[in-house]
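**Student:** My questions will all concern the structure given below.
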Amino acid sequence: MDLKNQQRRKFVLKLAQSIGALGAVSYAPKIIAKDNNALITSLAIHSGRNKQHVVIELDRSVEHKLFTLSSPDRIVLDIHSAQTNGNLKLNPERPKTLVSRLRYATRNNNDLRIVLDMANKTKAQTKLTKVNGKYRLEVVLDDKNAVVAAAPIKKAAAKKPVVAKKTKARKRRNFVVAIDPGHGGHDSGAVGKHGTYEKDVVLKISRRLKTRIDRTKGMEAFLTRPKDKYLTLRQRIDLAQAKNADLFISVHADANTNKNVNGSSVYVLSEKGASSEMARWLARNENEIDIRLAGAEVHSNNKVLSKVLLDLTQSAAIDDSVELAEQVLSELGTVNRLARKGVESANFGVLRSPDIPSMLVETAFISNPEEERKLKTAKYQNQIAEAVYRGIRSYKVALDERDPRYADSGMNHQPHS
Numbered sequence: 004m005d006l007k008n009q010q011r012r013k014f015v016l017k018l019a020q021s022i023g024a025l026g027a028v029s030y031a032p033k034i035i036a037k038d039n040n041a042l043i044t045s046l047a048i049h050s051g052r053n054k055q056h057v058v059i060e061l062d063r064s065v066e067h068k069l070f071t072l073s074s075p076d077r078i079v080l081d082i083h084s085a086q087t088n089g090n091l092k093l094n095p096e097r098p099k100t101l102v103s104r105l106r107y108a109t110r111n112n113n114d115l116r117i118v119l120d121m122a123n124k125t126k127a128q129t130k131l132t133k134v135n136g137k138y139r140l141e142v143v144l145d146d147k148n149a150v151v152a153a154a155p156i157k158k159a160a161a162k163k164p165v166v167a168k169k170t171k172a173r174k175r176r177n178f179v180v181a182i183d184p185g186h187g188g189h190d191s192g193a194v195g196k197h198g199t200y201e202k203d204v205v206l207k208i209s210r211r212l213k214t215r216i217d218r219t220k221g222m223e224a225f226l227t228r229p230k231d232k233y234l235t236l237r238q239r240i241d242l243a244q245a246k247n248a249d250l251f252i253s254v255h256a257d258a259n260t261n262k263n264v265n266g267s268s269v270y271v272l273s274e275k276g277a278s279s280e281m282a283r284w285l286a287r288n289e290n291e292i293d294i295r296l297a298g299a300e301v302h303s304n305n306k307v308l309s310k311v312l313l314d315l316t317q318s319a320a321i322d323d324s325v326e327l328a329e330q331v332l333s334e335l336g337t338v339n340r341l342a343r344k345g346v347e348s349a350n351f352g353v354l355r356s357p358d359i360p361s362m363l364v365e366t367a368f369i370s371n372p373e374e375e376r377k378l379k380t381a382k383y384q385n386q387i388a389e390a391v392y393r394g395i396r397s398y399k400v401a402l403d404e405r406d407p408r409y410a411d412s413g414m415n416h417q418p419h420s
């Protein structure tokens with residue numbers, strides 16, 4: 004994330020707290036821990052010989068998982084059954100440190116995720132100790148410019164034996180993918196030289212992609228239009244929202260006045276599109292908007308605050324959209340020439356869901372005679388569907404490491420670098 008976005012999010016958090024103090028919003032982090040939830044009371048960074056320690060104080064033992072993300076470099080700590088006192092922040096007097104920023108948020112209404120933005124790749128490991136009746140969870144940072152190795156889930160420190168009540172294991176929900184075949188009905192989309200309709204080929208590719216996803220344990224997909232039917236862009240987004248989709252994939256075939264142009268490409272929402280969607284959502288909810296921010300419940304009838312809080316939500320979705328799109332673009336490059344080397348951004352209305360990672364896949368140029376021919380074949384349709392699936396799978400493997408709701412999906416997990 005660039006410096007501008009970092010500064011913007013820092014400003015938003017401070018603004019939310021400031022306005023909350025003035026009574027414009029109710030900013031009420033839960034200070035009293037839920038039954039059986041650990042309460043995190045403080046966080047500080049200390050320097051030792053060749054190492055730095057992120058020290059987290061808790062009132063009880065916890066299970067946790069450490070892993071890393073790159074581009075930019077981040078260390079992520081998931082703490083199970085835990086919450087904060089609502090005031091975690093880096094100690095202002097901290098020494099020069101590898102950690103540039105701290106973020107945290109409640110996940111699944113029960114767990115806590117702490118994200119440390121790093122200056123560079125760093126070795127890290129955790130240790131949990133008991134000191135003077137309290138528990139201390141340390142993330143040990145070794146500044147040796149080496150890749151961080153993902154740490155396994157740490158078991159909680161031993162407690163005194165207690166009679167445990169029998170409880171049902173938490174059911175993991177399926178990972179839901181909304182597949183949106185472009186156009187439909189009276190809207191044919193682009194038309195190839197030999198009369199091939201975009202709406203027809205993208206529906207066939209979408210059906211094949213759905214079948215591939217549905218065969219994967221822990222995943223399911225649905226089509227916004229299972230048949231040749233016209234839907235407005237807003238109807239497509241609303242369907243994804245109604246079905247609690249985790250991803251939104253819009254499938255299209257590109258066109259150009261130059262019949263020689265060819266290749267596949269992937270788009271995410273541009274900054275202009277994001278701003279336009281914020282305006283629409285704020286207009287729909289002119290009087291009030293409820294957004295959960297960083298583990299605190301924020302209820303606002305303040306238009307300025309509503310705008311910046313919605314900006315936070317959408318920024319996170321766009322970040323995830325780019326991560327997803329990069330994986331899919333890489334896989335598309337194995338089955339077709341890429342029209343563009345990187346992920347593109349554009350103001351596509353169908354990508355404007357502020358809380359669902361979304362991308363638009365241009366499978367090929369239907370205006371190119373050779374690619375029009377390929378688009379009509381079952382072989383190429385399968386190749387495209389499989390490539391998009393592999394990209395989604397790679398994104399989900401990384402997500403499984405970050406979010407326990409979707410783990411154990413039956414996929415072959417690869418180490419995350």
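The numbering used here puts the first residue of the sequence shown at 4, with every later residue one more than the last. All C-beta atoms in this analysis are idealised placements derived from N, C-alpha and C, irrespective of residue type, glycine included.
1. Within 10 angstroms of its Cβ, does R343 collect 16 or more other Cβ (buried), or is it exposed?
2. Check whether the Cβ atoms of K213 and I240 sit closer than 9 angstroms, and answer yes or no.
3. Tell me which residue opens and which closes the alpha helix (DSSP H) that E375 is part of.
4. Report yes or no: do the stretch 232-250 and the stretch 205-219 share at least 3 C-beta pairs separated by less than 8 angstroms?
5. Distance check for L378 and R77, CA to CA, integer angstroms please.
6. Between the alpha carbons of E223 and Q330, how many angstroms are there, rounded?
7. Terminal residues of the continuous beta strand (DSSP E) containing V58?
8. Considering Cα atoms alone, identify which of I395, N371, N385 is closest to H197.
9. CB-CB under 8 angstroms to S324, same chain, minus the five flanking residues each way: which ones, in chain order?
10. Give the range of the alpha helix (DSSP H) segment to which R210 is assigned.
11. How far does the alpha helix (DSSP H) with L341 in it extend, from its first residue to its last?
12. Can you check whether the CB of V338 is closer than 9 angstroms to the CB of I369?
13. Alpha helix (DSSP H) containing A367: first to last residue?
14. Judging by CA-CA distance, which residue of R176, A41, D322, R104 is the nearest neighbour of L61?
15. Taking only three categories from DSSP, how would you classify D231?
16. Check whether chain D comes within 9 angstroms of K246, counting only Cβ atoms and requiring the distance to be less than that.
17. Specify the secondary structure class of A47 as computed by DSSP and reduced to three states.
18. Measure the alpha-carbon distance for K232 versus S209 and round it to whole angstroms.
19. Starting from A243 and walking both ways along the alpha helix (DSSP H), at which residues does that stretch end?
**Tutor:** On the basis of the data shown:
1. Here residue 343 refers to the residue found at position 340 when the sequence shown is read from its first residue. Exposed: under 16 other Cβ atoms inside 10 Å.
2. Here the question's residue 213 lines up with position 210 in the sequence shown. Here the question's residue 240 lines up with position 237 in the sequence shown. Not closer than 9 angstroms, so no.
3. Reading the sequence shown from its first residue, position 372 is the one you call residue 375. Taken as a continuous stretch (DSSP letters only), the alpha helix (DSSP H) holding E375 covers 372-378.
4. no
5. Reading the sequence shown from its first residue, position 74 is the one you call residue 77. Reading the sequence shown from its first residue, position 375 is the one you call residue 378. Their backbone Cα atoms lie some 40 angstroms apart in a straight line.
6. Locating residue 223 in the sequence shown gives position 220, counting from the first residue. Locating residue 330 in the sequence shown gives position 327, counting from the first residue. Those two C-alpha atoms are separated by around 19 angstroms.
7. Translated into the one-based positions of the sequence shown, residue 58 becomes position 55. 54-61 is the span of the beta strand (DSSP E), which, as asked, contains V58.
8. Numbered from 1 along the sequence shown, position 194 holds the residue referred to as residue 197. Checking every option, the nearest Cα to that of H197 belongs to N371.
9. As a first step, residue 324 must be located in the sequence shown, where it is residue number 321. Contacts found: V271, L272, L354, P360, S361, M362.
10. Here residue 210 refers to the residue found at position 207 of the sequence shown. 201-217 is the extent of the alpha helix (DSSP H) around R210.
11. Start at 1 with the first residue of the sequence shown, and residue 341 comes out as number 338. That residue, L341, is in no alpha helix (DSSP H); it is neither H nor E in DSSP.
12. For this step, residue 369 is matched to residue 366 along the sequence shown. For this step, residue 338 is matched to residue 335 along the sequence shown. Not in contact: I369 and V338 (Cβ atoms no closer than 9 angstroms).
13. Numbered from 1 along the sequence shown, position 364 holds the residue referred to as residue 367. It is not in any alpha helix (DSSP H) - A367 instead sits in the beta strand (DSSP E) that spans 361-368.
14. As a first step, residue 61 must be located in the sequence shown, where it is residue number 58. Looking at the Cα atoms, A41 is the closest of the given residues.
15. Start at 1 with the first residue of the sequence shown, and residue 231 comes out as number 228. The answer is coil: DSSP assigns D231 none of H, G, I, E or B.
16. Here there is only one protein chain, and chain D is not present.
17. Translated into the one-based positions of the sequence shown, residue 47 becomes position 44. Three-state result, A47: strand.
18. Stepping through the sequence shown from its first residue, residue 232 is reached at position 229. Stepping through the sequence shown from its first residue, residue 209 is reached at position 206. So the two alpha carbons sit approximately 14 angstroms from each other.
19. Numbered from its first residue, the sequence shown carries residue 243 at position 240. That run of the alpha helix (DSSP H) goes 236-245.
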